[in-house]
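Chemist: Residue numbers (our numbering): 476 to 877.
Glycine included, every Cβ here is placed at the ideal spot set by N, Cα and C.
Encoded as structure tokens, here's the structure I'll be asking about.
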Amino acid sequence: MEFLLNLSRRKIENNKIQTKRYLYDKIDLNNRLIAILGARGTGKTTLMLQLIREKYNISETIYLSLDHIFFLENRLVDVIETLYTGHGIKNFFLDEVHKYKNWQQEIKNIYDFYDDINIIFSGSSSINIKQAKYDLSRRCITYLLNGLSFREFLNIKYGEDYKSYSFEEIIENYRDIAFDIAENSKILLDFQEYYKYGYYPIYFENPKAVVSKIINMYEKIIYEDIVEVTNLNTENLVVLKKLIYFIATMPPGEININNLSRNLKKDNKTIMNFILKLEDARLLNLIFKEGGSGVIMRAPKKIYIENGSLYNAINEEIRNNLDIGNLREVIFVNQLRNGNQNIRYSKEVGDFIIDDHYFEIGGKSKGKRQIRRIKEKAFLVKDDVLYGEAGVIPLYLFGFLY
């Protein structure tokens with residue numbers, strides 16, 4: 476136990492990162508069982524260590540990474556019993572729970588039998604708390620940690636404290652907000668740096684190595700994280716990676732599941748199942764069309780790589796030229812999704828619908844032809860523009876949603 480306590484102390488002391496993520500102040504620590512889920516590289520471990528250092532009595536708290544070799548031969552329930560009775564530990568931060576074989580049952584048992592123990596655990600976004608064999612959903616409060624917003628990227632890069640804006644605030648006041656933010660004359664260059672390389676916090680560790688790190692990270696998600704929460708075999712994992720390549724190189728437009736099935740030599744149902752697994756793992760974003768009576772149609776109309784940095788890294792890996800039109804849509808969908816907006820496919824007017832607002836995405840020279848018949852509720856979202864004007868919102872502004 477002294478070995479584990481020393482590991483924990485070192486880990487907490489060595490975490491020097493001061494900038495807080497958007498989720499830091501949103502987590503209700505009054506709950507006894509909390510899950511922080513997210514893709515690799517989004518900063519879950521850093522967030523947990525910051526919470527320990529600043530919100531908890533360290534003498535009663537321990538950080539345990541369940542992918543440590545120690546847990547190959549030692550049961551979590553036994554470790555917690557010994558730390559609780561012998562060392563007075565009451566707050567357990569459990570990292571990488573999906574790496575530990577029987578984590579659902581043991582966490583449920585610990586929660587049920589120790590009334591004064593608090594458990595905060597992190598894991599892959601592929602974990603489905605509700606569908607786990609031992610249902611933790613009635614006991615557990617779950618939070619999803621996304622990658623950096625553009626706002627957070629700027630705060631880390633410059634040590635600033637840019638505020639976030641709600642979707643409604645941006646729609647109503649985009650010209651004033653853009654005018655204030657544009658005091659940073661490099662904002663458009665910063666935005667390009669962000670969406671190509673800076674979505675994951677690892678960018679700030681070594682910017683020159685970030686592309687190779689992202690490639691390594693998404694391969695680990697496919698070959699390790701997805702394997703640990705599904706029963707896919709090696710052959711199907713190879714198909715998952717090919718599917719990622721296909722989606723990353725397709726031009727903007729409606730997705731054709733039949734074409735994907737034919738190219739990958741799998742039936743439509745299997746391909747759709749693979750797409751959903753990649754969405755759960757935060758490698759894809761799916762956009763659906765709303766049907767009659769507000770019902771969402773089941774087949775996605777558009778499929779995007781989850782974020783701009785991943786999209787850029789995959790295309791660099793396979794030496795494919797970036798499709799700037801697709802990249803803009805990737806960025807827009809990513810920031811709106813992460814900002815908790817219900818974004819849907821629009822066939823009649825513009826590219827997307829959010830609430831009752833229509834959005835057409837484009838570059839500096841994009842015209843209003845596709846949205847001109849709905850003037851009050853339709854907007855052009857333009858890349859490469861610094862200021863807003865009537866009906867035109869700079870794309871970078873949606874990076875301030877969270």
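Suppose you measure from the CA of Tyr640 to the CA of Phe875; what does that come to, to the nearest Å?
Modeler: By one-based count along the sequence shown, residue 640 stands at place 165. By one-based count along the sequence shown, residue 875 stands at place 400. About 6 Å.
Chemist: Spatial neighbours of Lys717 within its chain, please: CB distance less than 7 Å, with the 5 preceding and 5 following residues excluded, ordered by chain position.
Modeler: For the purposes of this step, residue 717 is taken as residue 242 along the sequence shown, with counting starting at 1. Around Lys717: Leu739.
Chemist: Terminal residues of the continuous alpha helix (DSSP H) containing Ala657?
Modeler: By one-based count along the sequence shown, residue 657 stands at place 182. Segment: none, Ala657 is in no alpha helix (DSSP H) and carries neither H nor E.
Chemist: On the DSSP bridge list, what partners appear for Tyr589?
Modeler: Along the sequence shown, one-based indexing puts residue 589 at 114. None; Tyr589 has no bridge partner.
Chemist: Which residues mark the beginning and the end of the beta strand (DSSP E) in which Asn760 is found?
Modeler: The residue you call residue 760 lines up with position 285 of the sequence shown. Unbroken beta strand (DSSP E) run through Asn760: Leu759 to Ile762.
Chemist: When the Cα of Ser660 is compared with those of Phe834, Tyr678 and Leu629, which residue comes out closest?
Modeler: As a first step, residue 660 must be located in the sequence shown, where it is residue number 185. Put simply, of Phe834, Tyr678 and Leu629 the residue whose alpha carbon is nearest the alpha carbon of Ser660 is Leu629.
Chemist: If you draw a straight line from the alpha carbon of Gly783 to that of Ala657, how long is it in whole angstroms?
Modeler: Indexing the sequence shown from 1 puts residue 783 at position 308. Indexing the sequence shown from 1 puts residue 657 at position 182. Approximately 22 Å, taken between the alpha carbons.
Chemist: Leaving aside the five residues before and after Tyr669 along the sequence, list all residues of the same chain whose C-beta is less than 6 Å from its C-beta, in chain order.
Modeler: Within the sequence shown, residue 669 is the residue found at index 194, counting from 1. Excluding positions up to five away in sequence, the list reads Phe625 and Phe628.
Chemist: Would you call the segment 575-595 and the segment 503-521 in contact, with 3 or more CB pairs under 8 Å?
Modeler: Contact holds: three or more Cβ-Cβ distances are below 8 Å.
Chemist: Give the DSSP bridge partners of His832, in chain order.
Modeler: Numbered from 1 along the sequence shown, position 357 holds the residue referred to as residue 832. Paired residue(s): Ile829.
Chemist: Asn633: buried (16+ other C-beta within 10 angstroms of its C-beta) or exposed?
Modeler: Against the sequence shown, residue 633 aligns to sequence position 158. Before going on, a small fix: residue 633 reads as Tyr here, not Asn. Per the 10 Å Cβ criterion, exposed.
Chemist: If we count the other Cβ atoms within 10 Å of its Cβ and call it buried at 16 or more, is Ile818 buried or exposed?
Modeler: As a position in the sequence shown, residue 818 is number 343, starting the count at 1. Classification for Ile818: buried.
Chemist: The beta strand (DSSP E) with Asp570 in it runs from where to where?
Modeler: Against the sequence shown, residue 570 aligns to sequence position 95. That run of the beta strand (DSSP E) goes Asn566 to Asp570.
Chemist: Short of 6 Å in beta carbon distance, which residues of its chain neighbour Asn621, apart from the five on each side in sequence? Order them along the chain.
Modeler: In the sequence shown, residue 621 corresponds to position 146, counting from 1. Within the same chain, Asn621 has close Cβ partners Asn813.
Chemist: Note down the Cα distance separating Ile662 from Leu861, rounded to an integer number of angstroms.
Modeler: In the sequence shown, the residue the question calls residue 662 occupies position 187. In the sequence shown, the residue the question calls residue 861 occupies position 386. Approximately 8 Å between the Cα atoms of the pair.
Chemist: Run through DSSP, which three-state label would Ala723 get?
Modeler: The residue given as residue 723 occupies position 248 in the sequence shown. Note: Ala723 maps to helix in three-state DSSP.
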